[in-house]
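Undergrad: Residue numbers (the numbering used here), protein chains in the order written: chain F, 1 to 397; chain R, 1 to 779; chain H, 1 to 184.
Using N, Cα and C, we set each Cβ at its ideal position, and we do this for glycine too.
As the structure is a prediction and not an experimental result, all values here were calculated from the model.
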Amino acid sequence: MFQSLDKYRSMIRINKDVPSMPFIILGAILLFLGFIGVVRVFWQGHEAVYGVTRQVPWGLLIATYAYFVITSTGLAFIGGLGHAFGVTVFAKMSRRIVLLAFIILLAGFTQIGMELGHPFRLLYLFILSPNFSAPIVWMGLFYSIELVILAIELYVVFNPSGTNHKVAAVLGFFALLVGIVATSNLGFVFGSLTARPFYHGVYFPMYLVVSGIAGGAALLMLIYNIIYKFNVPDFYSDAMAGLGKLMGICLGVMIFLLSWKIVSSLYTQPQDSVEAVTTLLKGPLSSHFWIGEILLALCLPVALLLISRVKNLKALGMAGLAFMIGMFFTRYDFIVAGQLPPMRAGLEGAGVETIAGLVQYSPSVGEWMVFALGLGLFLFLYFMSERFLVLDEQTRQ
Amino acid sequence: MIGNKMTRRKFLGISAASAAGVAFAPALTRVVRASEKTNDYSILPKGKREFIASNCDMCVNKCGIICEVVEGKLHKINPNPKNIKSRGMLCAKGNAGAALPYSPDRLKTPLLRTGKRGEGKWKEISWDEAFKLVAKNLADLKEKYQNRSCVAFASTEGFQEEFYYYLVNSFGSMNTVRHTTLCLSSNIQGWSSVFGVFPDADLQHAEYVIMLGSDRAQALITPDSVDFQRFKPKGQKLIVLDPRFTETAAKADRWYPVKPRTDQAFVLALINVIISENLYDHAFVETYTYGFEELKNLVVEYTPEWAQAKCEIPADEIRQIAREFAYHAPRSVIYPGRRSAFYPNEVYIRQTFAILAAICGCWDTIGAVVPKSSVKLNMHNVIFPFFMLSQPRVDKQAVGLVKDVVPDSVACPMVGTGLPVDSCAFLSEKDGSWGSFREAVLQDNPYPVRGFFCFKQNPVQSVPNVQKTLTMFEKMEFICVIEQQMSDTAWYADLVLPHSTYLESWDPVHNLGGIEPIVEFRQPVIKPLFDTKTMFEIAGGIIHEMVKIPSLWDDIEPADFEAFKKDILEGVLDKPIVEYIQHQVLEYPGAFEELLKEGFYTPDGGKARYGSTRNPDFRFKTKTGKIELFNERYKEFGLFPLPKYCEPSALPGPDQYRFLVGRTAWNTHTSTQNNPYLWEIQKENTIWINTAEAKKLGISQGDEVRVKSKVSEQTIKAYVTEKIRPDCVFYVNGWGRQSPWMSQIYKRGASESEILEDVLDTISGSMCMHETFVTITKI
Amino acid sequence: MADKQYAIVLDTKKCLNCKACTVACKFENFVPVGDDTYRIWVTEMPLQGKFPRLHQEYQPSQCQHCENAPCEKVCPTKATFRTREGVVLVDYKKCILCKACMAACPYDARFVSDLHEAVEKCTFCMHRVSEGREPACVETCPTKVRVFGDMNDPASDAARLLSSRQHYQLKPEKNTRPRLFYLA
Ligand SMILES: Nc1nc2c(c(=O)[nH]1)N[C@H]1C(S)=C(S)[C@@H](COP(=O)(O)OP(=O)(O)OC[C@H]3O[C@@H](n4cnc5c(=O)[nH]c(N)nc54)[C@H](O)[C@@H]3O)O[C@H]1N2
Ligand SMILES: Nc1nc2c(c(=O)[nH]1)N[C@H]1C(S)=C(S)[C@@H](COP(=O)(O)OP(=O)(O)OC[C@H]3O[C@@H](n4cnc5c(=O)[nH]c(N)nc54)[C@H](O)[C@@H]3O)O[C@H]1N2
Ligand code: SF4
Ligand code: SF4
Ligand code: SF4
Ligand code: SF4
Ligand code: SF4
Ligand SMILES: [Mo]
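1) Buried or exposed: where does Val69 of chain R fall if 16 or more other Cβ atoms within 10 Å of its Cβ makes it buried?
2) Work out the CA separation of Phe68 of chain F and Pro26 of chain R for me, nearest whole Å.
3) Can you tell me where the alpha helix (DSSP H) holding Asp316 of chain R begins and where it ends?
4) Taking 9 Å as the cut-off, decide whether the C-beta atoms of Ile70 of chain F and Leu295 of chain F are in contact.
5) If the criterion is Cβ atoms closer than 9 Å, does the pair Val661 of chain R and Ser709 of chain R meet it?
6) I need the DSSP call for Pro98 of chain H, collapsed to helix, strand or coil.
7) Give the secondary structure of Pro498 of chain R by DSSP, where H, G and I count as helix, E and B as strand, and everything else as coil.
8) Relative to ligand 4, is the shortest distance from any of its heavy atoms to the C-beta of Val194 of chain R smaller than 8 Å?
9) Using beta carbons (cut-off 9 Å, strictly below), is Gly21 of chain R in contact with chain H?
10) For chain F, find out if any of its Cβ atoms is closer than 9 Å to the Cβ of Tyr6 of chain H; answer yes or no.
11) Could you compute how far the alpha carbon of Thr268 of chain F sits from the alpha carbon of Leu162 of chain H?
12) Taking only the alpha-carbon atoms, compute the straight-line gap between Leu497 of chain R and Tyr107 of chain H and give it to the nearest angstrom.
13) For Lys723 of chain R, go through chain H and note every residue whose CB falls closer than 9 Å to its CB, in chain order.
14) Does the segment 134–153 of chain F come close enough to the segment 186–199 of chain F to have 3 or more Cβ pairs within less than 8 Å?
15) Could you have a look at Asp234 of chain F and say whether DSSP puts it in helix, strand or coil?
16) Would you identify the three-state DSSP class for Pro508 of chain R, choosing helix, strand or coil?
17) Under 8 Å Cβ-Cβ, which residues of chain F neighbour Val85 of chain H?
18) Compute the beta-carbon to beta-carbon distance between Trp306 of chain R and Lys19 of chain H, rounded to the nearest angstrom, for a pair I have assumed lies under 8 Å.
19) Given this structure, state the Cα-to-Cα distance separating Glu317 of chain R from Arg323 of chain R, to the nearest angstrom.
20) Nearest chain H C-beta to Trp427 of chain F closer than 9 Å, yes or no?
21) Counting only beta-carbon separations shorter than 9 Å, does Leu122 of chain F have a partner in chain C?
22) Given this structure, state the Cα-to-Cα distance separating Asp3 of chain H from Gly599 of chain R, to the nearest angstrom.
23) Please compile the residues from chain F whose C-beta is within a distance smaller than 7 Å of the C-beta of Pro106 of chain H.
24) Within 10 angstroms of its Cβ, does Gln229 of chain R collect 16 or more other Cβ (buried), or is it exposed?
25) Going by beta carbon distance, what residues of the same chain come within less than 7 Å of Glu713 of chain R, once the five residues before and after it are set aside?
26) Let's see if you can read the secondary structure: which residues bound the beta strand (DSSP E) around Phe521 of chain R?
27) Considering Ser273 of chain F, what are the terminal residues of the alpha helix (DSSP H) in which it resides?
28) Quick check on the burial criterion: 16 or more other C-beta atoms within 10 angstroms. Buried or exposed for Ser700 of chain R?
29) Say whether chain H places a C-beta atom closer than 9 Å to the C-beta of Leu203 of chain R.
30) Give the residues of chain R in contact with Glu28 of chain H, contact being defined as C-beta atoms less than 7 Å apart.
31) For Ser211 of chain F, which of F:Phe77, F:Asn312, F:Asp238 has the nearest alpha-carbon?
32) Is Glu537 of chain R helix, strand or coil by DSSP?
33) Quick one, which of F:His200, F:Pro160, F:Val352, F:Leu186 has its alpha-carbon nearest Lys174 of chain H's?
34) For Leu10 of chain H, go through chain R and note every residue whose CB falls closer than 9 Å to its CB, in chain order.
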């Protein structure tokens with residue numbers, strides 16, 4: 001027993017040169033805020049603490065859930081490319097990729113766990129009484145599998161006796177596959193809402209998968225820049241460039257998809273779909289959309305990638321940062337925009353309050369606290385790992 | 001409806017309303033009740049479940065209810081489908097009654113004022129102390145003023161009101177004021193001037209209905225509110241005249257936003273057409289009526305063209321309506337309605353309605369207006385002593401007084417129609433006239449009134465011109481209010497006595513008959529929750545203390561005093577009230593059991609009674625014994641005997657709007673707004689302003705505006721709508737409350753009675769609530 | 001014999017906008033006071049026309065008990081289900097409060113109940129129906145706008161109204177096949 005633990009000693013080290021402490025402290029503070037949020041939820045109940053309503057039942061926490069888990073599957077995708085499809089440039093990042101994917105998936109699970117009224121019921125009811133026509137069941141199933149695969153992958157990539165590449169390849173492949181299935185299913189969780197045509201069709205499943213991959217790449221580019229204080233060693237140039245290109249392709253696809261989504265929504269004019277798109281273009285979500293989704297998530301990264309010709313690693317880091325912020329708005333808007341058109345007009349007596357024909361939603365302090373929990377968990381766990389674990393394949397060589 | 005969503009907010013589990021809601025939710029034992037093929041639909045607690053019949057008391061209608069009581073806790077009030085008056089309905093208020101006993105804002109024990117009046121400092125005292133205190137104050141006032149009428153007693157109808165009168169008559173004051181002069185006394189007066197009685201409308205069978213100034217969809221009156229939609233015969237036509245597009249107007253075949261105060265011109269023109277085109281019921285007129293020739297002469301000038309200029313309804317449509325009305329007669333109804341405290345010439349307006357019914361023979365037959373039926377009840381023959389020190393009513397004696405209340409603008413033209421301005425001509429002795437009563441008290445004319453009792457009435461908010469009422473209160477040395485909640489009136493009292501709710505008490509039998517005769521009563525459906533009493537018990541308690549004070553009985557014969565104690569105390573108030581009830585229905589075997597089972601009783605299956613007066617020998621309760629188109633008694637009094645058209649004496653000036661009064665279906669007067677289940681429907685009142693006018697005034701939806709009348713001003717949010725005439729504004733009564741114990745609604749919205757001027761109709765003594773002109777400014 | 005198929009037929013032309021139904025439902029079903037907590041509502045439809053030619057209708061509504069119920073389909077735990085009588089119900093103990101059903105319902109008929117700690121909505125008052133009583137909202141209505149009954153029983157008032165009068169359902173484009181029928 002102790003002997004086998006001994007083996008792992010080579011995995012542990014205190015990395016003084018990595019600027020992890022500020023993030024660990026930040027993570028701890030956020031975790032603490034999150035903890036307060038959790039206590040409040042248990043004390044006062046979901047309804048009192050969260051700002052979600054009857055008309056907008058899904059709010060910030062579903063957005064942050066999506067933000068985290070989709071990024072995770074994006075990371076798994078990139079990891080899978082390395083392991084399974086022999087895109088070897090990313091191989092040298094595989095520990096960080098798997099670790100990030102795993103931790104960020106956990107962070108996502110905190111969000112859904114706090115969002116669900118009865119997370120524990122879910123655990124047994126998914127087994128006792130699953131409704132296979134419900135996309136949530138599939139999404140839940142695939143994300144759970146994804147977590148298991150990532151856990152095994154973690155074990156494999158951190159195996160001190162060296163990574164078994166065959167196993168890693170198989171795992172990587174499945175992580176990639178299950179990730180895509182899970183995320184596209186998440187898209188269908190929305191697509192299956194009869195009430196909300198905005199979500200219907202193939203657009204969201206695709207957009208989510210592609211933006212997730214971009215997110216994975218962006219996060220890696222950002223993390224590497226942080227670890228190396230915006231001075232990423234040449235050793236990673238090819239990997240970083242690979243990430244940049246991958247992200248570039250994804251951004252291209254996203255722009256393509258988004259343009260057609262908007263055009264088709266406006267053109268075919270299914271009532272609530274048009275209203276939802278309008279909330280983005282000129283409605284209550286327009287600042288999110290233009291600044292967050294368009295400027296930060298699309299234009300700025302594209303510009304940085306083009307200007308730096310995917311070579312300047314600092315620029316890649318900046319592109320990653322811009323994208324990760326922008327992507328937050330993208331997720332939020334996606335969740336909220338589709339729900340703002342009311343199912344019943346806000347007429348007297350209808351029990352629906354609308355402003356300019358739309359219902360209102362803004363996240364409550366409690367919801368932000370739960371987001372802090374997820375973000376804090378991610379920062380804390382990840383940067384603790386950075387501080388104490390050997391994450392660079394380079395040093396092993 | 002009226003802008004309730006302006007104040008919507010997400011409801012967090014901590015506010016008072018939800019406290020009430022939660023308090024009411026059953027002990028959260030989640031008992032799954034097996035039913036059909038599924039699991040839990042309801043979480044009714046397990047235990048003894050009873051269904052107890054009684055009657056609603058959330059408004060005047062007294063709809064039949066069946067209360068579902070689980071383990072002694074009232075879960076739900078259901079309508080009684082068998083009740084022939086309420087026809088199986090229960091409105092929002094009736095349903096919300098289930099929260100009434102459990103309201104945290106209820107009065108739970110007698111309260112004695114300790115601070116200044118209206119300061120809100122109270123001391124809880126025992127009923128014993130309270131009874132002693134009341135008796136002592138009555139004795140002191142009597143001693144001091146040597147006049148029993150120096151204490152006034154206000155009340156509104158209710159099944160316990162007769163016991164209030166036990167108290168009144170045991171003290172011997174002549175000054176009682178009831179709600180009727182705020183409500184329907186001019187209507188009763190107008191119809192009675194023609195038919196001797198105030199009839200009901202047979203909406204179930206009428207083919208043609210003209211409804212003027214009544215809002216049956218929101219101002220609920222059973223059975224009419226049910227009948228006019230649920231049981232309306234196929235093809236029935238409904239014509240609605242109302243300056244507002246009410247829910248009733250929305251149901252009309254034709255709606256006319258009549259110019260306020262000119263309905264009479266419209267109906268006179270109908271009469272003109274019907275007579276000039278010879279469409280009236282000759283046989284009926286000949287057999288039953290008196291004064292047709294005089295009427296004929298009067299209406300010659302009232303042509304549709306003449307009327308169009310007054311009421312703004314096109315002449316040809318008036319002609320058409322007249323012909324249709326006559327064509328469908330006798331199954332034509334000109335709807336009597338209820339509240340008529342509208343205008344100074346209201347009695348004539350209503351007289352005109354009645355005359356239209358009379359000349360078309362739309363009387364006491366299927367589909368017409370029909371006199372009410374009643375069930376003869378066994379009376380308790382109690383004789384109250386004759387007190388030497390009782391002086392006649394203040395408002396009856398105070399000659400010349402009304403002149404001061406009737407503004408010049410109103411008074412002058414009234415003289416033209418023969419209305420006296422020196423007194424109220426036809427006071428019903430018991431009802432009094434709120435307006436002239438208050439005026440007399442304010443002027444100490446002819447004698448001082450220094451004590452005030454109030455039962456089931458909230459005059460501070462239901463009598464126009466709140467300031468005057470409060471000034472009147474300042475004159476009082478003792479104010480005692482018997483209430484369920486800390487109403488604005490109770491708030492200014494010295495002693496507040498908590499009354500039990502209708503769900504906790506036995507109430508005597510009362511006639512509620514319309515076309516179908518029916519009597520109702522009440523039995524307790526739950527045990528009293530607090531230290532409250534009914535008027536029966538309160539009267540008994542006070543009178544027992546009174547008999548202990550010799551000075552209270554020194555102006556009657558000693559023998560009378562002994563008889564009094566025997567009759568009133570031993571004979572009635574000391575006995576269980578159930579005996580009183582049983583005595584009332586003694587003549588009908590099985591009736592008491594029927595009451596216990598169903599909450600109501602009808603002697604002959606409650607069949608509609610038509611035609612009791614359709615007998616040439618029948619004597620109507622008029623001077624001539626005929627249906628009087630020409631009123632002999634009015635002539636005697638120097639009033640105009642015919643419904644001569646009276647020009648509106650005052651019109652809104654430039655920038656002024658006529659203020660209208662009305663109802664919402666989910667509140668009763670000033671009683672129910674604090675009930676959380678009704679409060680959530682409407683959280684404050686808003687003022688209706690016509691879209692075009694609002695634009696002129698720069699007011700948009702939800703803006704705060706200042707409403708200013710001659711007597712006061714209020715601020716309120718605007719409800720900008722097409723549903724009202726441009727020259728009128730409206731908001732509903734019951735808001736802008738002064739009592740902080742009405743926790744849900746304290747200071748929310750605006751008080752109506754604050755801004756209403758106190759204008760009087762001198763024939764009926766009625767308030768004229770649509771004679772206030774206001775200016776509106778955006779804040 | 002075929003199962004009963006429950007439905008409500010509404011004659012909204014008779015609706016007074018009196019809100020009796022909404023209050024009755026709250027008491028009957030322990031629905032707490034609150035702006036978001038209601039199973040049933042009465043909408044004032046937009047005022048038509050210009051003064052003085054006005055027209056207005058009131059539209060009472062509630063869960064439509066869709067035959068093709070979007071809420072049922074998306075419910076991951078089968079907490080939402082249809083009974084054999086076509087009544088869509090929530091088994092509160094199976095609800096994980098994922099709120100997918102709320103997002104899926106095209107009628108905004110559902111809400112989160114603090115009392116049940118689950119999503120709830122109109123149950124057609126099945127606990128009353130099983131005792132031979134009418135749903136609370138049906139029973140209390142002054143003008144009996146709603147008629148509750150078994151569509152499979154041709155003698156029921158509901159079936160008779162459906163066979164004799166023109167009617168429509170709300171949002172037919174959603175293909176939910178509601179069991180609330182509005183008389184034209
Ligand atoms: N829900 C509810 N129901 C009630 C009550 C309640 O408080 N709440 N109160 C009960 C009582 S005590 C009463 S007295 C009745 C009152 O019920 P109704 O007798 O129907 O009287 P209101 O509803 O007060 O007002 C009638 C209508 O007259 C209109 N009006 C105003 N001026 C004129 C005019 O010059 N001409 C015409 N043609 N119309 C005019 C007003 O706009 C209003 O819509 O309601 C009873 N029913
Ligand atoms: N401004 C304005 N004034 C009006 C009207 C209007 O529309 N606008 N309408 C007029 C009309 S038609 C009428 S009928 C009158 C009605 O006016 P009021 O007769 O004053 O009726 P409410 O305003 O309902 O006040 C009744 C009070 O009795 C209390 N109460 C209820 N039940 C009981 C009980 O069982 N026992 C006791 N002791 N108290 C009880 C209630 O809490 C409430 O405070 O108002 C008239 N005044
Ligand atoms: S109309 Fe409503 S408040 Fe009045 S008695 Fe009937 S149910 Fe009660
Ligand atoms: S109306 Fe909504 S809640 Fe009701 S069955 Fe249809 S989708 Fe489900
Ligand atoms: S909230 Fe409850 S009822 Fe609705 S879909 Fe989720 S588990 Fe099913
Ligand atoms: S049927 Fe029952 S649960 Fe449904 S709205 Fe009516 S009262 Fe409420
Ligand atoms: S109870 Fe009947 S009349 Fe009243 S609002 Fe409801 S459906 Fe309309
Ligand atoms: Mo009244």
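TA: Taking the coordinates as given:
1) Locating residue 69 of chain R in the second sequence gives position 69, where the first residue counts as 1. By the 10 Å Cβ count, Val69 of chain R comes out buried.
2) By 1-based counting over the second sequence, the position of residue 26 of chain R is 26. By 1-based counting over the first sequence, the position of residue 68 of chain F is 68. A caution first: Pro26 of chain R carries a pLDDT of 37, below 50, which makes its placement in the model too unreliable to give a value.
3) If you number the second sequence from 1, residue 316 of chain R lands on position 316. Counting along the chain, the alpha helix (DSSP H) containing Asp316 of chain R begins and ends at 315–328.
4) Residue 70 of chain F sits at position 70 when you count from the first residue of the first sequence. Residue 295 of chain F sits at position 295 when you count from the first residue of the first sequence. The answer is no: Cβ separation not under 9 Å.
5) Numbered from its first residue, the second sequence carries residue 661 of chain R at position 661. Numbered from its first residue, the second sequence carries residue 709 of chain R at position 709. No.
6) Taking the third sequence and counting its residues from 1, one reaches residue 98 of chain H at position 98. The sequence as given places Cys at residue 98 of chain H; Pro does not occur at that position. Coil.
7) Translated into positions along the second sequence, residue 498 of chain R becomes position 498. If DSSP states are grouped into helix, strand and coil, Pro498 of chain R belongs with the strands.
8) As a first step, residue 194 of chain R is located in the second sequence; it is residue number 194 there, counting from the start. Incorrect: Val194 of chain R has no Cβ contact closer than 8 Å to ligand 4.
9) Translated into positions along the second sequence, residue 21 of chain R becomes position 21. Low confidence applies to Gly21 of chain R: its pLDDT is 37, below 50, so where it sits in the model is not reliable, and the reading given next is rough at best. Yes, because at least one Cβ of chain H sits closer than 9 Å to the Cβ of Gly21 of chain R.
10) Here residue 6 of chain H is taken as the residue at index 6 of the third sequence, counted from 1. Taking Cβ atoms only, chain F never reaches closer than 9 Å to Tyr6 of chain H, which makes this a no.
11) One-based indexing of the first sequence puts residue 268 of chain F at position 268. One-based indexing of the third sequence puts residue 162 of chain H at position 162. About 35 Å.
12) Taking the first residue of the second sequence as 1, we reach residue 497 of chain R at position 497. Taking the first residue of the third sequence as 1, we reach residue 107 of chain H at position 107. Computed Cα separation, rounded: 49 Å.
13) As a working mapping, residue 723 of chain R is identified with position 723 in the second sequence. What Lys723 of chain R touches in chain H: Leu47, Phe51, Leu54, Gln56.
14) yes
15) On the first sequence, residue 234 of chain F is found 234 positions in, with the first residue counted as 1. Note: Asp234 of chain F maps to helix in three-state DSSP.
16) On the second sequence, residue 508 of chain R is found 508 positions in, with the first residue counted as 1. Looking at Pro508 of chain R - three-state DSSP - the assignment turns out to be strand.
17) In the third sequence, residue 85 of chain H corresponds to position 85, counting from 1. The sequence shown places Glu at residue 85 of chain H, rather than the Val named in the question. Per Cβ cutoff of 8 Å: no residues; Glu85 of chain H is ~20 Å from chain F at best.
18) Residue mapping note: residue 306 of chain R aligns to position 306 of the second sequence, counting from 1. Residue mapping note: residue 19 of chain H aligns to position 19 of the third sequence, counting from 1. With a Cβ gap of about 42 Å, Trp306 of chain R and Lys19 of chain H do not count as contacting.
19) Sequence index remark: in the second sequence, residue 317 of chain R carries index 317 (1-based). Sequence index remark: in the second sequence, residue 323 of chain R carries index 323 (1-based). Distance between the alpha carbons of Glu317 of chain R and Arg323 of chain R: 10 Å.
20) In the structure as shown, chain F starts at 1 and stops at 397, and residue 427 of chain F therefore has no counterpart that could be examined.
21) Given the protein chain composition of this structure (F, R and H), no chain C is represented.
22) In the third sequence, the residue the question calls residue 3 of chain H occupies position 3. In the second sequence, the residue the question calls residue 599 of chain R occupies position 599. Taking the straight line from one Cα to the other gives about 37 Å.
23) As a working note, residue 106 of chain H is residue 106 in the third sequence. By Cβ distance, chain F contributes Thr194, Ala195, Met343.
24) Residue mapping note: residue 229 of chain R aligns to position 229 of the second sequence, counting from 1. Buried, by the Cβ-count rule.
25) The residue labelled residue 713 of chain R in the question sits at position 713 within the second sequence. The answer, listed in chain order, is Arg706, Val707, Ile755.
26) Within the second sequence, numbered from 1, the residue matching residue 521 of chain R stands at position 521. Start and end: 519–522.
27) Counting from 1 along the first sequence, the entry for residue 273 of chain F is found at position 273. Note, Ser273 of chain F: alpha helix (DSSP H), 271–281.
28) Numbered from 1 along the second sequence, position 700 holds the residue referred to as residue 700 of chain R. Its Cβ having fewer than 16 others within 10 Å, Ser700 of chain R is exposed.
29) As a position in the second sequence, residue 203 of chain R is number 203, starting the count at 1. Answer no: the Cβ-Cβ gap between Leu203 of chain R and chain H never drops below 9 Å.
30) Within the third sequence, residue 28 of chain H is the residue found at index 28, counting from 1. Residues of chain R passing the Cβ test: Lys76.
31) As a position in the first sequence, residue 211 of chain F is number 211, starting the count at 1. When each option's Cα is compared against that of Ser211 of chain F, the closest is F:Phe77.
32) The residue labelled residue 537 of chain R in the question sits at position 537 within the second sequence. Here Glu537 of chain R sits in helix by DSSP.
33) Residue numbering aside, residue 174 of chain H sits at position 174 when the third sequence is read from its first letter. Minimum Cα distance to Lys174 of chain H is reached at F:His200.
34) Position 10 of the third sequence holds residue 10 of chain H. Chain R residues near Leu10 of chain H: none, gap ~13 Å exceeds 9 Å.
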